[in-house]
Amino acid sequence: MKSGVYKVMEKKEFGSKDVSRAAILMALSQNRQEEKKIQEDFFKIGIRCAAVDFGGEFITSVMKIVERAVVAAKREGVINEVHQEEGAVAGATREAISQIMQKAIGLNVGGKIGIARFEEHVAVAIFFGIGLLHLNEVAIGLGHRVI
Numbered sequence: 144m145k146s147g148v149y150k151v152m153e154k155k156e157f158g159s160k161d162v163s164r165a166a167i168l169m170a171l172s173q174n175r176q177e178e179k180k181i182q183e184d185f186f187k188i189g190i191r192c193a194a195v196d197f198g199g200e201f202i203t204s205v206m207k208i209v210e211r212a213v214v215a216a217k218r219e220g221v222i223n224e225v226h227q228e229e230g231a232v233a234g235a236t237r238e239a240i241s242q243i244m245q246k247a248i249g250l251n252v253g254g255k256i257g258i259a260r261f262e263e264h265v266a267v268a269i270f271f272g273i274g275l276l277h278l279n280e281v282a283i284g285l286g287h288r289v290i
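Here you go:
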């Protein structure tokens, strides 16, 4: 990925599509350095982002995934520590999880959660590797809420 790809966008009003795009890019980042670069580029145009890894057996991991998303969003300043904002991230995360649930039940999952926010728009994208051993399927779940 080229450096500064996100500088093309100018600071303006962003909607759910733009915020969702930022969350997806964060979820697809390959390492911590790329994650930080994407985060910095979006911060310059007013979109705050966070990302966090997850993994484990799907059923037992659902609550951990939701908790990790909320904690990462608070840690990176994407949301404040208020009930409505935490609930928005938790709800968007649950929506993203529900989109891949049929594929993942009974299997192991691992991947990255990307969270992005611009004003009242919050999006959570979850990139999943689903499967056993080396027989993996991949999926992305996406949820959006307005705070």
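For the sequence shown, the positions run 144 to 290 when the working numbering is used. Backbone N, C-alpha and C fix where the C-beta goes; we use that ideal spot for every residue, glycine too.
Residue i burial status per 10 Å Cβ neighbour count (16 or more: buried)
i: Gln227; result: exposed
i: Glu280; result: exposed
i: Ser146; result: Confidence at Ser146 is low in this model, with a pLDDT of 47, below 50, so the placement of that residue should be treated as unreliable; the coordinate-derived value is given next. When all chains shown are included, Ser146 counts as exposed.
i: Ser163; result: buried
Endpoints, the alpha helix (DSSP H) within which residue i is located
i: Phe186; result: 175-187
Same chain only: Cβ atoms within 6 Å of residue i, ignoring 5 sequence neighbours per side
i: Arg260; result: Arg191, Val221
i: Gly257; result: Ala166, Met169, Ala170, Ala194, Ala268
i: Ile243; result: Phe271, Ala282, Gly284
i: Val209; result: Ala233, Thr236
Local conformation of residue i per DSSP, three classes
i: Ile167; result: helix
Same chain, Cβ closer than 8 Å to residue i, five either side skipped, listed in chain order
i: Leu276; result: none
Sequence-distant residues of the same chain with beta carbon closer than 7 Å to residue i, five excluded per side
i: Arg288; result: Ala231, Gly234, Ala235, Val265
i: Glu178; result: Met169, Ser172, Ala194
i: Ser204; result: Phe197, Val252
Min CB distance residue i to chain C below 9 Å
i: Glu280; result: In the displayed structure, chain C is absent; only one protein chain is listed.
Practice task
Please go through the region 193-277 and give each complete beta strand (DSSP E) segment of 3 or more residues, from N-terminal end onward.
Solution key: 251-261, 264-275
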